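Residue numbers (my numbering): 6 to 278. Don't be surprised by glycine CBs; every beta carbon is placed ideally from N, CA and C. Everything numeric in this text was worked out from a predicted model, so none of it was measured. So the structure is just underneath, and the comments pick up after that.
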Ligand SMILES: Nc1ncnc2c1ncn2[C@@H]1O[C@H](COP(=O)(O)OP(=O)(O)O)[C@@H](O)[C@H]1O
Ligand SMILES: [Mg+2]
């Protein structure tokens with residue numbers, strides 16, 4: 006039973022799992038994403054950093070179709086969506102073909118949120134098997150086997166039969182990670198996965214994410230943990246005001262930033278008052 010990342014045989018030449026081209030999104034007359042383009046290599050970790058309100062969450066939500074960009078093209082694996090063509094019909098509802106296209110697109114990625122939203126009345130194991138069994142129709146025994154392997158991988162094999170309230174915040178967040186991975190996404194999205202945790206619990210969750218990166222999961226991580234980003238990221242995107250101000254190797258973007266906006270942000274994050 007494999008808990009390793011999905012194979013990347015659908016990846017286009019160049020080894021990119023994800024291509025984002027010219028993404029734009031406005032809320033009312035506030036343009037939140039202004040022409041965002043980047044790529045994610047298969048098996049790599051991309052950390053997205055930037056001030057509050059800069060558009061980081063909107064980028065992740067766009068990759069998971071929780072938000073529908075106004076325009077731009079995103080390819081994840083062998084699925085490409087041109088968002089300019091995704092437009093509600095009369096009554097504000099998307100046509101059926103577009104809904105199906107978005108559902109398939111959404112299934113390419115799995116999201117780990119700041120707070121985990123586990124089902125309180127289900128055990129840890131049931132929380133992880135729920136998606137594969139109910140949503141994907143996987144055989145229950147097979148799903149349970151994979152869930153146990155995933156829970157082992159995130160260090161929770163002793164807790165599979167417990168309920169969420171019996172776990173620490175960090176353990177709950179690791180269940181959230183196992184739950185996302187159980188759906189076999191090609192891309193795993195993390196939106197500030199440690200921001201809601203007590204400081205002493207942050208390290209365990211970051212450790213798990215570091216292991217996942219080493220195993221070759223393709224990950225996009227919004228985080229303020231710059232040391233983690235320096236250690237784990239293959240690529241860092243610095244976002245400010247809805248644009249990518251700077252992107253590249255963490256040694257460059259965090260270690261030797263070229264733009265004043267990046268330097269100002271890094272100073273603020275590194276020296277909190
Ligand atoms: N559903 C929404 N409706 C209106 N404004 C939104 C919505 N979601 C986000 N925004 C605005 O878009 C901007 C970017 O938000 P977000 O992507 O959450 O930023 P970040 O994650 O970098 O803090 C913010 O100004 C936020 O208030
Ligand atoms: Mg956010």
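Short Cβ contact (8 Å threshold) for residue i with residue j
{"i": "residue 181", "j": "residue 121", "result": "yes"}
{"i": "residue 194", "j": "residue 114", "result": "yes"}
{"i": "residue 25", "j": "residue 60", "result": "no"}
{"i": "residue 169", "j": "residue 125", "result": "yes"}
{"i": "residue 200", "j": "residue 164", "result": "no"}
{"i": "residue 241", "j": "residue 227", "result": "no"}
{"i": "residue 50", "j": "residue 261", "result": "no"}
{"i": "residue 73", "j": "residue 41", "result": "no"}
{"i": "residue 123", "j": "residue 155", "result": "no"}
{"i": "residue 81", "j": "residue 192", "result": "yes"}
Outcome for residue i when other beta-carbon atoms lying within 10 angstroms are tallied against a minimum of 16
{"i": "residue 88", "result": "buried"}
{"i": "residue 245", "result": "buried"}
{"i": "residue 197", "result": "buried"}
{"i": "residue 32", "result": "exposed"}
{"i": "residue 106", "result": "buried"}
{"i": "residue 256", "result": "exposed"}
{"i": "residue 108", "result": "exposed"}
{"i": "residue 232", "result": "exposed"}
{"i": "residue 102", "result": "exposed"}
{"i": "residue 10", "result": "buried"}
{"i": "residue 275", "result": "exposed"}
{"i": "residue 18", "result": "With a pLDDT of only 47 at residue 18, under 50, the local geometry of the prediction cannot be trusted, and no value is derived from it."}
Other residues of its chain near residue i: CB distance less than 6 Å, five sequence neighbours each side excluded
{"i": "residue 110", "result": "70, 84 and 86"}
{"i": "residue 39", "result": "247 and 248"}
{"i": "residue 225", "result": "51 and 194"}
{"i": "residue 183", "result": "133, 155, 156 and 159"}
{"i": "residue 66", "result": "72"}
{"i": "residue 253", "result": "none"}
{"i": "residue 237", "result": "50, 215 and 218"}
{"i": "residue 145", "result": "138"}
{"i": "residue 143", "result": "137"}
Close beta carbons around residue i, own chain, < 7 Å, minus the five adjacent residues each side
{"i": "residue 203", "result": "174"}
{"i": "residue 176", "result": "161 and 164"}
{"i": "residue 206", "result": "173, 174 and 175"}
{"i": "residue 268", "result": "262"}
{"i": "residue 266", "result": "245 and 250"}
Residues of its chain near residue i, where Cβ-Cβ distance is below 8 Å and the 5 sequence neighbours each way are ignored
{"i": "residue 264", "result": "243, 250 and 251"}
{"i": "residue 14", "result": "Note that residue 14 scores a pLDDT of 46, beneath 50, so its modelled location is shaky and nothing firm can be said."}
{"i": "residue 216", "result": "158"}
{"i": "residue 270", "result": "54, 55, 56, 243 and 245"}
{"i": "residue 356", "result": "Since the first residue of the chain shown is 6 and the last is 278, residue 356 is not available in this structure."}
{"i": "residue 119", "result": "196, 197, 198, 200 and 201"}
{"i": "residue 166", "result": "128, 129 and 130"}
CA nearest to the CA of residue i, picked from the options
{"i": "residue 132", "options": "29, 78, 188 and 105", "result": "188"}
{"i": "residue 153", "options": "96, 63, 179 and 112", "result": "179"}
{"i": "residue 43", "options": "73, 21 and 223", "result": "21"}
{"i": "residue 220", "options": "149, 41, 158 and 234", "result": "158"}
{"i": "residue 130", "options": "266, 177, 45 and 149", "result": "149"}
{"i": "residue 273", "options": "55, 29, 41 and 90", "result": "55"}
{"i": "residue 46", "options": "216, 223 and 231", "result": "223"}
{"i": "residue 27", "options": "79, 62 and 275", "result": "79"}
{"i": "residue 116", "options": "136, 212 and 232", "result": "136"}
{"i": "residue 127", "options": "29, 276, 171 and 190", "result": "171"}
{"i": "residue 141", "options": "190, 95 and 118", "result": "190"}
{"i": "residue 68", "options": "23, 48, 266 and 97", "result": "23"}
DSSP bridge partner residues for residue i (one or two, in chain order)
{"i": "residue 225", "result": "51 and 194"}
{"i": "residue 133", "result": "The partner list for residue 133 (beta bridge, DSSP) is empty, contrary to what the question assumes."}
{"i": "residue 241", "result": "52 and 253"}
{"i": "residue 46", "result": "21"}
{"i": "residue 78", "result": "26 and 87"}
Heavy atom of ligand 3 within 7 Å of residue i beta-carbon
{"i": "residue 59", "result": "No copy of ligand 3 appears in this structure; the ligands present are ligand 1 and ligand 2."}
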